[in-house]
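K.L.:
Residue numbers (our numbering), protein chains in the order written: chain C, 1 to 228; chain A, 1001 to 1228; chain H, 2001 to 2228.
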Amino acid sequence: MRIVAADTGGALLDEEYNPIGLIATAAVLVEKPYRTATVSRVRYADPFNYDMSGRQAIRDEAVLAVELAREVKPDVVHLDSTIGGIEIRKLDEPTIEALSITDRGKEVWKDLAKDLQPLARKFWEETGIEIIAIGKSSVPVRIAEIYSGLYTAKWAIEYARKNGEAVVGLPRYMEVKILPGEIAGASLDPREGGLFGKIPADTEGIEWELYPNPLVRRFMVLEVWRKD
Amino acid sequence: MRIVAADTGGALLDEEYNPIGLIATAAVLVEKPYRTATVSRVRYADPFNYDMSGRQAIRDEAVLAVELAREVKPDVVHLDSTIGGIEIRKLDEPTIEALSITDRGKEVWKDLAKDLQPLARKFWEETGIEIIAIGKSSVPVRIAEIYSGLYTAKWAIEYARKNGEAVVGLPRYMEVKILPGEIAGASLDPREGGLFGKIPADTEGIEWELYPNPLVRRFMVLEVWRKD
Amino acid sequence: MRIVAADTGGALLDEEYNPIGLIATAAVLVEKPYRTATVSRVRYADPFNYDMSGRQAIRDEAVLAVELAREVKPDVVHLDSTIGGIEIRKLDEPTIEALSITDRGKEVWKDLAKDLQPLARKFWEETGIEIIAIGKSSVPVRIAEIYSGLYTAKWAIEYARKNGEAVVGLPRYMEVKILPGEIAGASLDPREGGLFGKIPADTEGIEWELYPNPLVRRFMVLEVWRKD
Ligand SMILES: [Mg+2]
Ligand SMILES: [Mg+2]
Ligand SMILES: [Mg+2]
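Rendered as structure tokens:
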């Protein structure tokens, strides 16, 4: 099975480890044995000007996932929204009403569906590929989350080159290592069976430290700075 | 403390990783230091003809646990049902009504109790050993789950010998390794403190691969095939 | 950021692994990189005479944390109570009523606030340091929990010297090792990013064993005995 998935993660942090805004949406192609991505794409957000309501993320994810899926023609596309694995192209109002989610979630989805349902229907009509809202149960969505952390580290390196340093929060229980010519990352949850990723990056002249976010258990902070 | 426990797990999967039916009920004797089984028994189900409602599993588990308990005379028997550690022999209708579980759960247990309550009472009258519905809190129940995964791997090997290959899903966050003459397995959750198991098996002429189930995070898929 | 936190953990167990009472309240100073304590303090309870309602623990924790905070002057104090990170000095009745916790939780906090709110207000007036009820989200609270496990092991050694042996339950998913001259401990959850601790202890003439509590998954039992 060949699956495209997308997720958004990584946050710029202030001095007290509060998130200012999210950084990276990643889309990935995941193939058997489903432990890493064979292709990945990123779209960076502006963390200084970020809509933290969550709607920006899911829209960006759908658009980036469809872009990658047009190229690599997967069997299915997974989005990080836990509404029971439903096909996005079928999300009309009665279907949303019938979901077992909160009333607030229904309002959000009625709003989101205005853009996403036509996008998904058009994509399905052209390619036969379904986009499903499978959420946290999907391993490819988790791999996309790990890649959003890798691209967050890359963004932090570029930010530190210009501004001296950067402090970012990674997605849940994952680590990154900044190595010569690449950034490597992995899930810290062994129950996931060994999920990991890496991306090429210019890492010269950069130093870094990774440590637990003291205010948010199971999330790591990455600090990156210019070696004078 | 010497504890007998039973659990059911492992599923035959179709090509899209959907479960067709469950495979193995395992009963185990667990003794101090409570990390593995000193004795184990299996009863295989027919995954092509499986009642997925959950009632078949708990009945099979109770019967197999009692069978093993008659032999090894433990201090207590643990079943995988989370209804507060109550003794099964005491499950009459008013007691079930008073449980803090869903109405649906109460209907299921009124039905189950018809068989299990007399079984547990008879066993207790003869041996003085209680059968309790302790569920996920019990380490021996988790060890029984790991053994159901080991026996699922054994079943998959035998199925592959006849049919060329088998694709099975293991119980939650556990791994197996097919070694010369045996199958070894272990929990992937280090918080559990190192739970593991092994069973003898004829593993000659068999190849295998283990990888994350892409549709169900924290569950592994085992593929087994005949080395022609 | 320099954070003081406190937590209570470790239980004396009877022969069937049932808790008799809690053993140790630990307060810790945690500094960047937030993986262990740079200073720790303990107050032992009497497990044979312990109020298991939970009110004794939070009171002991607040008092011990303030004691340590007076010495080491942290930026903030974290307590293990999950009521949304609220400042304890602001806990008057209308504020407690407005918390999104159970009615029972509100009654407990109205009672607790009688002692803790004046303590926190006085401490804040004198030092400017806030005491916040951040709970499980705090890494320093988790490190305090690990230290309560270390001090529980120390208590068990002293108890075994007098009485021959001791059987104690450690806080959730952590391990300890009794080494020459010290007790080392660590979280068993790798998602936490490598939290650990150690304390000096006279460990001569002591033998020990660590194993999973068969009745409470993800909790370890420590047995300690005198090498006659
Ligand atoms: Mg997401
Ligand atoms: Mg079960
Ligand atoms: Mg506590």
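Here a beta-carbon is modelled for each residue, glycine too, at the ideal position from N, C-alpha and C. Given the structure is predicted, the values throughout are model-derived calculations rather than measurements.
Across which residues does DSSP place residue 1225 of chain A in a beta bridge pair?
P.N.:
Answer is A:1165, A:1207, bridged to residue 1225 of chain A.
K.L.:
Just to confirm, is the Cβ distance from residue 1181 of chain A to residue 1200 of chain A under 8 Å?
P.N.:
Going by C-beta atoms, residue 1181 of chain A is nearer than 8 Å to residue 1200 of chain A.
K.L.:
Could you give the first and the last residue of the continuous beta strand (DSSP E) run that contains residue 1041 of chain A?
P.N.:
Per DSSP, residue 1041 of chain A belongs to the beta strand (DSSP E) from 1039-1044.
K.L.:
Relative to the C-alpha of residue 105 of chain C, which residue among C:54, C:123, C:116, C:89 is closest?
P.N.:
Looking at the Cα atoms, C:54 is the closest of the given residues.
K.L.:
Here's a check: name, in chain order, each residue in its chain whose Cβ is nearer than 7 Å to the Cβ of residue 2119 of chain H, leaving out the five neighbours to either side.
P.N.:
Correct list, in chain order: 2062, 2066.
K.L.:
Ordered along the chain, which non-local residues of its own chain (more than five positions away) have a Cβ less than 6 Å from that of residue 1087 of chain A?
P.N.:
Closer than 6 Å at Cβ, skipping near neighbours: 1130, 1132.
K.L.:
Consult DSSP for residue 26 of chain C and reduce its assignment to one of helix, strand or coil.
P.N.:
Strand at residue 26 of chain C.
K.L.:
Quick test of your reading: residue 1113 of chain A and residue 1101 of chain A, contact by CB under 8 Å. State the CB separation rounded to the nearest angstrom.
P.N.:
In fact, because the Cβ distance is near 13 Å, the residues do not count as touching under 8 Å.
K.L.:
State the DSSP-derived secondary structure class of residue 2090 of chain H, mapped to helix, strand or coil.
P.N.:
Looking at residue 2090 of chain H - three-state DSSP - the assignment turns out to be helix.
K.L.:
Take the Cβ of residue 1036 of chain A as the centre, count every other Cβ of all protein chains shown within 10 Å, and call the residue buried at 16 or more, exposed below.
P.N.:
Counting Cβ neighbours within 10 Å, residue 1036 of chain A comes out buried, since at least 16 surround it.
K.L.:
Can you tell me where the alpha helix (DSSP H) with residue 1125 of chain A in it begins and where it stops?
P.N.:
Taken as a continuous stretch (DSSP letters only), the alpha helix (DSSP H) holding residue 1125 of chain A covers 1103-1127.
K.L.:
What's the gap between the Cα of residue 1209 of chain A and the Cα of residue 1226 of chain A?
P.N.:
For residue 1209 of chain A and residue 1226 of chain A, the distance between alpha carbons rounds to 12 Å.
K.L.:
Looking only at DSSP bridge pairs, what is residue 1134 of chain A linked to?
P.N.:
According to DSSP, which records beta bridges pairwise, residue 1134 of chain A is partnered with nothing at all.
K.L.:
Quick check on residue 192 of chain C - is its C-beta less than 8 Å from some C-beta in chain A?
P.N.:
Closer than 8 Å to some Cβ of chain A, the Cβ of residue 192 of chain C qualifies, so yes.
K.L.:
In whole angstroms, what is the alpha-carbon distance linking residue 2228 of chain H and residue 2205 of chain H?
P.N.:
Looking at the two C-alpha atoms, the distance is approximately 8 Å.
K.L.:
Do we get a CB-CB distance below 8 Å when we pair residue 215 of chain C with the residues of chain H?
P.N.:
Yes - at least one Cβ of chain H is within 8 Å of the one on residue 215 of chain C.
K.L.:
Just to confirm, does residue 57 of chain C get its C-beta within under 7 Å of one of the non-hydrogen atoms of ligand 1?
P.N.:
The answer is yes for residue 57 of chain C.
K.L.:
Exposed or buried, residue 2041 of chain H, counting other C-beta atoms within 10 Å across all chains shown (16 or more means buried)?
P.N.:
Buried, since its Cβ has 16 or more Cβ neighbours within 10 Å.
K.L.:
How big is the Cα-Cα spacing for residue 92 of chain C and residue 2 of chain C?
P.N.:
Cα to Cα, residue 92 of chain C sits roughly 27 Å from residue 2 of chain C.
K.L.:
Counting contacts by CB-CB distance shorter than 8 Å, is residue 2212 of chain H in contact with chain A?
P.N.:
Chain A contact via Cβ: present.
K.L.:
Just confirm the distance between the C-beta atoms of residue 217 of chain C and residue 2138 of chain H, as a whole number of angstroms; I'd bet it's less than 8 Å.
P.N.:
Indeed they touch by this definition, with Cβ atoms about 7 Å apart.
K.L.:
Okay, do the region 1006-1016 of chain A and the region 1162-1173 of chain A touch, 3+ Cβ pairs below 8 Å being the bar?
P.N.:
Verdict: yes, contact present.
K.L.:
May I have the straight-line CA-CA distance separating residue 1109 of chain A from residue 1134 of chain A, to the nearest angstrom?
P.N.:
Roughly 14 Å separates the two Cα atoms.
K.L.:
So what's residue 1185 of chain A in DSSP terms, helix, strand or just coil?
P.N.:
DSSP places residue 1185 of chain A in strand when its eight states are reduced to three.
K.L.:
If I follow the unbroken beta strand (DSSP E) through residue 68 of chain C, where does it start and stop?
P.N.:
Taken as a continuous stretch (DSSP letters only), residue 68 of chain C belongs to no beta strand (DSSP E), being part of the alpha helix (DSSP H) at 55-72.
K.L.:
On the three-state DSSP scale, how would you describe residue 1175 of chain A?
P.N.:
Residue 1175 of chain A: strand per DSSP, three-state reduction.
K.L.:
Indicate the three-state DSSP secondary structure (helix, strand or coil) for residue 2077 of chain H in the structure shown.
P.N.:
Correct three-state label for residue 2077 of chain H: strand.
K.L.:
Indicate whether residue 2030 of chain H and residue 2005 of chain H have their beta-carbon atoms separated by less than 8 Å.
P.N.:
The answer is yes: Cβ separation under 8 Å.
K.L.:
Nearer than 7 Å: is that true of the beta carbon of residue 2007 of chain H relative to any heavy atom of ligand 3?
P.N.:
At least one heavy atom of ligand 3 is nearer than 7 Å to the Cβ of residue 2007 of chain H, so yes.
K.L.:
Is any non-hydrogen atom of ligand 2 found closer than 7 Å to the C-beta of residue 1080 of chain A, if you look at the structure I gave you?
P.N.:
Yes, since a heavy atom of ligand 2 falls inside the 7 Å radius drawn around the Cβ of residue 1080 of chain A.
K.L.:
Determine the extent of the beta strand (DSSP E) in which residue 2007 of chain H is found, giving its start and end residues.
P.N.:
That run of the beta strand (DSSP E) goes 2003-2013.
K.L.:
Using a Cβ cut-off of 7 Å, pull out every chain C residue sitting near residue 1218 of chain A, in sequence order please.
P.N.:
Near residue 1218 of chain A (Cβ distances below 7 Å), the residues of chain C are 191, 192.
K.L.:
So what's residue 2198 of chain H in DSSP terms, helix, strand or just coil?
P.N.:
Looking at residue 2198 of chain H - three-state DSSP - the assignment turns out to be strand.
K.L.:
Work out the CA separation of residue 1103 of chain A and residue 1026 of chain A for me, nearest whole Å.
P.N.:
Those two C-alpha atoms are separated by around 29 Å.
K.L.:
Using a C-beta to C-beta distance shorter than 9 Å, which residues of chain H count as neighbours of residue 1034 of chain A?
P.N.:
The answer, in chain order, is 2211, 2212, 2213, 2214, 2221.
K.L.:
So, are the CB atoms of residue 148 of chain C and residue 21 of chain C less than 8 Å apart?
P.N.:
Against a cut-off of 8 Å, the Cβ pair of residue 21 of chain C and residue 148 of chain C comes out as no contact.
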